[in-house]
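A short write-up of the structure that comes next.
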Amino acid sequence: MAYALICANVVTEETISFSGDVACSPRFTPVALGDKFHVVITGAEPVPGDEPHIEFAYTLSLEYQFANGFDYCHIEGTGSVLLPVSSSQCTALPLVVDCKPTLTDIGILDRAITATLNIDFTVKLCSEQILKVLLAED
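Numbering-wise (the working numbering), the sequence shown opens with residue 19 and increments by one.
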């Protein structure tokens with residue numbers, strides 16, 4: 019019996035999570051938190067190398083209440099999250115398919131509005147696999 023060895027890329031979809039604390043200084047003294055927030059993630063790109071990772075930028079807008087009404091406090095920042103080491107074996111870069119940002123632990127601390135930004139990136143990764151295939155006999 020004869021066999022052939024085939025090198026193939028196996029594609030998987032994984033969720034890679036980021037979490038970081040953020041804070042902003044509003045224009046007016048906050049008396050309460052609002053009900054709305056907006057998160058925009060831009061430039062979520064994979065970066066190859068010894069430690070493959072995703073780099074991204076974000077803009078947050080947090081609603082808060084002050085003595086005369088409501089306003090938004092804005093935060094801009096950047097972040098990165100490591101990819102599994104196995105993804106560096108792939109000949110193609112991982113692909114960011116989707117991201118879902120959420121905010122937790124939103125509060126007011128010493129006139130600042132603080133929160134934890136959580137982002138779940140759905141990423142397509144690939145790794146190499148050797149397949150042993152039985153060849154048909156003549």
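Glycine is no exception: its CB is placed at the ideal position from the N, C-alpha and C atoms.
Just so it is clear, the structure is predicted and the values come from calculations on it, not from any experiment.
Do you know offhand how far residue i's Cα is from residue j's?
i	j	result
H92	L23	55 Å
P102	Q147	16 Å
V114	P64	7 Å
A62	D39	19 Å
C117	A154	46 Å
Y90	S43	10 Å
Can you give me the Cβ contacts of residue i inside the same chain, cut-off strictly under 8 Å, excluding the 5 residues immediately before and after it?
i	result
T60	F74, A75, Y76, T77
T96	E73, F74, A75, Y76
In chain order, what residues of the same chain have a beta carbon less than 7 Å from the beta carbon of residue i, not counting five sequence neighbours either side?
i	result
D53	E81
Name the DSSP beta bridge partners of residue i, please?
i	result
T33	T140
A75	T60, T96
Which residue from the options puts its Cα closest to that of residue i?
i	options	result
T47	D128, E69, S98	D128
P70	E32, A85, R45, S98	S98
N136	K142, L143, D123, C144	D123
I126	V49, V29, I34, T33	V49
Can you give me the Cβ contacts of residue i inside the same chain, cut-off strictly under 6 Å, excluding the 5 residues immediately before and after it?
i	result
V57	L78, P119
A41	A130, T132
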